[in-house]
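Written below as structure tokens is the structure these notes are about.
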Amino acid sequence: MEYRRVIQEFPNGTNINLIPILTSEEEKARHQRLNDAAMDLLLAQERAHKKKQMKNAT
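Residue numbers (numbering that gives the first Met the number 0): 0 to 57.
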């Protein structure tokens, strides 16, 4: 896999970021995985909130 190198220099140090060069299919798949993970996180937070509300109601 090829990478694009981005160098960020700051007064207290340097960051070197390697960003993968993806095909459009790989980029779409990665974006879908990110969306799925975000949805899972939001649903888990919603379930925890509802559980907390039910616990406090009793």
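Ideal Cβ positions, reconstructed from N, Cα and C, are used throughout, including at glycine.
Check: Among residues of its own chain, excluding the 5 on either side of isoleucine 20, which ones have a beta-carbon nearer than 8 Å to its beta-carbon?; Outcome: Met0, Glu1, Tyr2, Arg3
Check: Assuming leucine 40 is part of the alpha helix (DSSP H), what are its boundary residues?; Outcome: 23 to 56
Check: Taking DSSP as the reference, what is the three-state secondary structure of glutamate 1?; Outcome: coil
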